[in-house]
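Here the structure is laid out as structure tokens; the discussion comes afterwards.
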Amino acid sequence: MAQMNMVQAINDALRFEMKRDDRVIVLGEDVGRVGGVFRVTAGLHDEFGEDRVIDTPLSEGGIIGAAIGMALYGLRPVPEIQFADFIFPAYDQIVSELAKYRYRSGGEYPCPMVIRTPVGGGIRGGHYHSQSPEVQFIHAAGLKVVCPATPADAKGLLLSSIRDDDPVLFFEPKRIYRAAKGEVPEGDYTVPIGKAKIVRAGEQVTVVAYGAMLYEALDAASKAALQGIDCEVIDLRTLWPLDIDTVIASVKKTGRVVVVHEAPRSCGLAGEIVTLINEKAFLHLEAPPKRVTGFDTPFPYTLENEYLPLSHRIVPAIVETARY
Amino acid sequence: MAQMNMVQAINDALRFEMKRDDRVIVLGEDVGRVGGVFRVTAGLHDEFGEDRVIDTPLSEGGIIGAAIGMALYGLRPVPEIQFADFIFPAYDQIVSELAKYRYRSGGEYPCPMVIRTPVGGGIRGGHYHSQSPEVQFIHAAGLKVVCPATPADAKGLLLSSIRDDDPVLFFEPKRIYRAAKGEVPEGDYTVPIGKAKIVRAGEQVTVVAYGAMLYEALDAASKAALQGIDCEVIDLRTLWPLDIDTVIASVKKTGRVVVVHEAPRSCGLAGEIVTLINEKAFLHLEAPPKRVTGFDTPFPYTLENEYLPLSHRIVPAIVETARY
Amino acid sequence: MTTEVPSPAGTATLRRKPEDVLAEDVVRALSPDGTLLGDGPDLRDEEIVALYRAMVRTRAVDERAVLLQRQGRIGFHIGSLGEEATVLGSAFALRDGDWLFPCYREFGAALMRGFPLQRYFDNLFGNANDVAKGRQMPDHWCYRDKQLGSVSSPIGTQITQAVGLAWAARLRRDSCVALAYFGDGATSSNEFHNALNFAGVFRTPNVFLCRNNGWAISVPTEVQTASESFAIKAVAYGIPSVRCDGNDLFAVVRATRLAVERARAGEGPTLIEALTYRLSGHSTSDDASRYRPEPTLEPWLALDPLRRVRLFLQDRVGWSDADEAGIGAEIQSELKLVIDEAERTAPPALTSMFDDVYAELPWHLVEQRDELLRGPRAPKAH
Amino acid sequence: MTTEVPSPAGTATLRRKPEDVLAEDVVRALSPDGTLLGDGPDLRDEEIVALYRAMVRTRAVDERAVLLQRQGRIGFHIGSLGEEATVLGSAFALRDGDWLFPCYREFGAALMRGFPLQRYFDNLFGNANDVAKGRQMPDHWCYRDKQLGSVSSPIGTQITQAVGLAWAARLRRDSCVALAYFGDGATSSNEFHNALNFAGVFRTPNVFLCRNNGWAISVPTEVQTASESFAIKAVAYGIPSVRCDGNDLFAVVRATRLAVERARAGEGPTLIEALTYRLSGHSTSDDASRYRPEPTLEPWLALDPLRRVRLFLQDRVGWSDADEAGIGAEIQSELKLVIDEAERTAPPALTSMFDDVYAELPWHLVEQRDELLRGPRAPKAH
Ligand SMILES: Cc1ncc(C[n+]2csc(CCOP(=O)(O)OP(=O)(O)O)c2C)c(N)n1
Ligand SMILES: Cc1ncc(C[n+]2csc(CCOP(=O)(O)OP(=O)(O)O)c2C)c(N)n1
Ligand SMILES: [Mg+2]
Ligand SMILES: [Mg+2]
């Protein structure tokens, strides 16, 4: 095992899979010679050549539309969208085409691909370098959505995603691109899509989080522990289809739940999780589930730390839920 | 008062407002000479001329992008998107620009406009003439979202929307374009944005619906009544910001709620409503809130009536909720 | 010479194009009265007869589908009346293994390439044998066996996909070519721009076939663009283009072959603008008389693409009224069989609604499927 | 003549353009050594001095902003080093009441049009006096008072908006013109296509100014498009275009004036391609040495847009080293004042986060605001 940060782990996964499977093609803006604005694809252009690591014109719709054609042919494209905020010019190709291709062709045309894109706040990016649009893809039936929080999961989930026969949106929490470090298994290593991880076991309050906010949830859990509250913290890892069993089992045990995400609150993933808990564990609920999320405003610049659902906002929610 | 269907009521509202306010401009594909593929803008081109009722090239992004410029200048554009399914090429302009313009300019640039578009299933339109993408706009903070279910509300809400200083997505349930008929006040008539309507008072189960599904909810409520279950049916009318007070007051009374919509279930508006009820009326809930919605599949053609949350699917949900 | 082809929307003129556009003038080969203009045809007699048959069959299918819709037996049809030479001539220039990305008017091309007529009508009826499993509207088919992409309503999306596919093929040293169809209206879409730009930069083996039929529903070409032609738009992407008389079968074959050969030879993409005319409404949902006066059609009726090939064949191989009646009868009896069969076939199974969203059913779709199966059945579709 | 302007990415050549493109050749007026080429300048001496001052000021602001970023005092800066003639010359061709839709490198134009330098630095610091209320990244300003649109990161969106605005103005019989800035990379966006197509069809009073600076971050122009120039793309939209030496202040003014006059006269839009070069990294977040060898810069350094105007002024009005030092000192002291003030100013109030999402606060934002105010404060931003 090697110590890596997220960027290195994702780079390692891409390199491994490109060697193993020559159908894998990386394309996007600045992914080639310069290796991506976050350097996630660094070195791949030199190693695999310009036919497999492709700098494209500045058009997300072109990137994804072309990648769909590649997937229809039988390749495994891994397009990069430079920031999740810039995925919207490709939104039509993603939700109208990619998400529906297998279905509308009666199964004739699977369309496997992994759209990698940095997501979330925490780098002082303001409106357009900070957003978390996961719901805008989950709600469009037909896509899988993944968001790792550790280097090992980033590698393992990326390899699973590239090998998956369905299209996957792979959100990389850029706030922890370099800050999250850890042991990453060398060589072939997969983490299954659709499985959450209990990263802290506890009895009193379930805290559900993912991506960069996982660390905030863990920090909040430690602080809550000082107040005598024992939290179980779940890292969703796959946002859709989510690991409902792990969530429900935890809530059945604790009866209390706090869901955390950076995306705006209304019609966010937290609402879906709360509703699923209502549907599957109603009688176990001992307190109203709580959401600690981004606000329903565009993502701000100067006040970004007030906008984000950081530990200081999660702690009171845990306490309130525990004491309800 | 005149008897009108939805198409006529919307046409009447557009004509009225275009006469009253010369800043109002209608633009879109086929809205001019032919009066729209659903004939909603019929006659306006002849009456107001080609400078105010404008046939455009086939580009939703161009339509909305240009309309934003018009709004910045001070006009009140009312672009039509031919089907809500075709709004996605304009998604970037809507969620990245329209929804954020006032905010990101510190209030210097309000961007009032009403995007009218037919929504929902029921006309045998399959994948791409049937979808209900309201959540994809609600979740992008900064937009108002309206969906009338009656001709009078269609007129009243459209006039309010055009006069509103914020951008409004105005979803017109095409299934009931001609089927829904009713008295519509002549001349100036507004219905406030943000106010739901209790269309059937009841004590035992709250049924929340909107658009074409309102009629299914009402039908289901009548059928439930035959089984002795007394439903209160709420027509949301405005989907965002929604009239939480009316919903919560009803749930506090009934303790039971069924939410109905055509859009896919997961991360749909129903989930948000259920979660808000958890947050605001947790102790009043006597049964798990239920969702009767479209499924998490692309919208099908032949099986469309099995996909839609029609009365036959709402009734059992009401009964189960009532008997919980 | 150009004056014989009325410009589609009645206003665009055929002005001079930059030198790097392949042809100075519109490619034409067969006059409206069935006589050859210059060389040609570049086709063998049997090929011409086969293509003529395919055109007649396409028109017959079209007429029948409209009838079925009027009778309420199918929900919708979108056809190619008047555009048969464009659709069939271009597809004919492809060879086996080449890919075809349809817009929505190209069922004739699909049938010619081997999409079974039965499957086509199964699609119109949305029954259990429909390749698309009754999930899409009529005329939204696909057929991987013959490299036929999937028809999708959102305008233009297939153009960019065709670029990606051709690009992938080239990366895999596969010599196939991908042809994408789209209308004049589609040139205004994001996709046209993205597709042609990527194709230009990466020199993908694509043929872009713009069916300029004069209209995008009710919007005439002069409202679609101020450019002097659709072909000239290729200049913006550094790729060559050619205009051809889209009602001239031989011209369409010639222009498309030129483009296909360039693509196959690694010389990159070509944009073809086929000047044709939509004789019907946009689809069965459209009443063109609302925006297009009947007399507008007349010059175009005189340029009927079928008629001129028939006149040519009369002269060339002695094609007779009996021959004509023969293929007509054959097609009608074939139609009867497949329509009976398609109409008899059950709708797709209820559970099929949840298949193919993903390769495997995830838990939430299992739950939703079971919920649907447990519940009561819906009222019959209207 | 054209050989004196190295092509931006080192490969594109200046080939012949179709006749309907306004100029056969690249518009040039001032040679790199400060001597006039042909007629001109079309500017009065005072105007040239004012423009030169503005260029020097722009460069000084740029340098200071980079420094502030390196010192960690601001988070980001994106500048116009080397592109000053393009930015300032074009904006100079507008008159009061005309609109300017910036990309993100045009703060110099904004300042010249009356955007206060203090407000600009307030924006860089994202403080309470920032017009954008600290909501956007540095260099994402706006200023309605002077018809300056709002800078937004998503590439290209402003181009289409500029079309709508100009169109609206024309509908209201307002004679203003709207100029939109964008880069070479932006020509690949959906927006460029939509904007130019709509502008062509509706003949809107727009000027489209493509700052071809050779790069879109690390992507050179030859990967952006296969077209022979960016100007030639106008052909696809039936609108005229012109290329100018973007490092030649007089040429930029001349080309833009031509376009502005056409627009104002109701003759419709024009696309201008200004050939310039990005001398810095893409922004303070970019290290161009990773993809662009230093020697690449050399020919462009010799074409410095400031230097040649200075040489011209030396000759024309005896502009001296003392004059130069004078404006330098003036600008530095001005900078000191506004930076001190901007840095001293408090961040925006917490509650401001919820304002302006809508005209009025709806209930859910009231609740969220109150929740935030009730709770503990966040750790300081890093
Ligand atoms: C993105 C999108 N917008 C609008 C529509 C509605 N629509 C369907 S066909 C059509 C006109 C297409 O015209 P053209 O591209 O010329 O093709 P034609 O029908 O003439 O063959 C329109 C506007 C659509 N299907 N997709
Ligand atoms: C839609 C979108 N995609 C990607 C980006 C990231 N990005 C910011 S600037 C840039 C390059 C722009 O190049 P160009 O248009 O030539 O302008 P320049 O920076 O050279 O002035 C890219 C890719 C973005 N801001 N928006
Ligand atoms: Mg057409
Ligand atoms: Mg550039």
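Chains as they are written, first to last, in numbering that gives the first Met the number 0: chain A, 0 to 323; chain B, 0 to 323; chain C, 0 to 381; chain D, 0 to 381. All C-beta atoms, glycine included, are put in the ideal place defined by N, C-alpha and C.
Asked                                                                                                                                                     : Found
For C/Gly199, which residues in chain D fall below 8 Å Cβ to Cβ?                                                                                          : Thr224, Ala225 and Ser226
Residues bridged to D/Thr269 by DSSP?                                                                                                                     : D/Val206
When you compare each of D/Leu66, D/Lys132, D/Tyr276 and D/Ser187 to D/Ala84 by their alpha carbons, which one comes out closest?                         : D/Tyr276
Report yes or no: is there a C-beta of chain C within less than 8 Å of the C-beta of A/Ile233?                                                            : no
Tell me the rounded alpha-carbon separation between C/Val20 and D/Thr186.                                                                                 : Bear in mind that a pLDDT of 35 at C/Val20, under 50, signals an unreliable position, so the number given afterwards is only what the model happens to contain. Near 21 Å, if we compare the C-alpha coordinates of D/Thr186 and C/Val20.
Going by the C-beta, is C/Asn212 closer than 7 Å to any heavy atom of ligand 3?                                                                           : yes
Kindly give me the distance between the Cβ atoms of A/Val23 and A/Glu16, rounded to whole angstroms, as I take these residues to be in contact under 8 Å. : 5 Å
Smallest Cα separation from C/Val86: which of C/Thr34, C/Ser226 and C/Cys102?                                                                             : C/Cys102
Determine the extent of the alpha helix (DSSP H) in which C/Thr255 is found, giving its start and end residues.                                           : Leu248 to Arg263
With 16 as the cutoff for other CB atoms within 10 Å, does A/Arg123 come out buried or exposed?                                                           : buried
Do C/His139 and C/Ala131 have their C-beta atoms closer together than 8 Å?                                                                                : yes
Is there at least one non-hydrogen atom of ligand 4 closer than 7 Å to the beta-carbon of B/Arg103?                                                       : no
With respect to 7 Å, is the separation between the Cβ of D/Gly182 and the closest non-hydrogen atom of ligand 2 below this value?                         : yes
Regarding C/Arg277 and ligand 3, is the C-beta to nearest heavy atom distance less than 7 Å?                                                              : yes
8 Å is my cut-off, CB to CB: does D/Arg246 come that close to chain B?                                                                                    : Checking the displayed sequence, the identity of residue 246 of chain D turns out to be Asn instead of Arg. No, because no Cβ of chain B sits closer than 8 Å to the Cβ of D/Asn246.
If you drop the 5 nearest sequence neighbours on each side, which residues of the same chain put their C-beta closer than 6 Å to that of D/Ala22?         : With a pLDDT of 43 at D/Ala22, under the threshold of 50, the modelled position of this residue cannot be trusted; read the value that follows with caution. Counting only Cβ-Cβ distances below 6 Å, and skipping sequence neighbours, we find Val241.
Contact criterion: CB-CB distance below 8 Å. Does B/Tyr323 meet it with respect to chain C?                                                               : no
Counting only beta-carbon atoms, is B/Val246 nearer than 8 Å to chain A?                                                                                  : no
Hey, C/Gly454 and B/Leu302: beta-carbon distance below 8 Å or not?                                                                                        : There is simply no residue 454 of chain C to check, as chain C begins at 0 and stops at 381 in what is shown.
From the beta carbon of D/Ser151, is the nearest beta carbon of chain B less than 8 Å away?                                                               : yes
What residue does the alpha helix (DSSP H) around A/Met3 start on, and which one ends it?                                                                 : Run containing A/Met3: none in the alpha helix (DSSP H); it sits in the beta strand (DSSP E), Ala1 to Asn4.
Using the DSSP secondary-structure output, state which residues sit across from B/Val259 in a beta bridge.                                                : B/Val291
Any idea which residues DSSP pairs D/Ala179 with across the strands?                                                                                      : D/Phe100 and D/Phe207
For B/Ala140, return the contacting residues in chain D, with the cut-off set at a CB-CB distance below 7 Å.                                              : Val356
Once the 5 residues before and after A/Ala316 are set aside, which same chain residues still bring their CB inside 6 Å of it?                             : Val257, Lys289 and Val291
Taking Cβ-Cβ distances shorter than 8 Å, what residues in chain A pair up with B/Pro117?                                                                  : The premise fails here: B/Pro117 is roughly 16 Å from chain A at the closest Cβ pair, so nothing lies under 8 Å.
What residues of chain A sit near C/Glu293, judged by a beta carbon separation below 9 Å?                                                                 : Going along chain A, no residue has its Cβ under 9 Å from C/Glu293, so there is no contact; the nearest lies around 36 Å.
Closest by CA to D/Thr220, which one among A/Val52, A/Pro56, A/Arg199 and A/Thr320?                                                                       : A/Pro56
Assuming C/Ala235 and C/Val26 form a contact by the criterion Cβ under 8 Å, report the distance between their Cβ atoms to the nearest whole angstrom.     : 21 Å between Cβ atoms; not a contact.
With respect to 7 Å, is the separation between the Cβ of C/Ala215 and the closest non-hydrogen atom of ligand 3 below this value?                         : yes
Would the segment 205-221 of chain A count as touching the segment 186-193 of chain A if we require 3 or more Cβ pairs under 8 Å?                         : no
When you measure from the CB of C/Ile154 to every non-hydrogen atom of ligand 1, does any distance come out below 7 Å?                                    : yes
Closer than 8 Å by beta-carbon distance: list the chain D residues that pair up with B/Gly105, in chain order.                                            : Asp129, Val130, Ala131, Lys132, Arg134, Cys141 and Asp355
Provide the residue(s) that pair with A/Trp239 in DSSP beta bridges, ordered along the chain.                                                             : A/Val144
Curious, which full-length alpha helix (DSSP H) runs of at least 4 residues does the segment 291-364 of chain D contain?                                  : 297-300, 304-316 and 320-343
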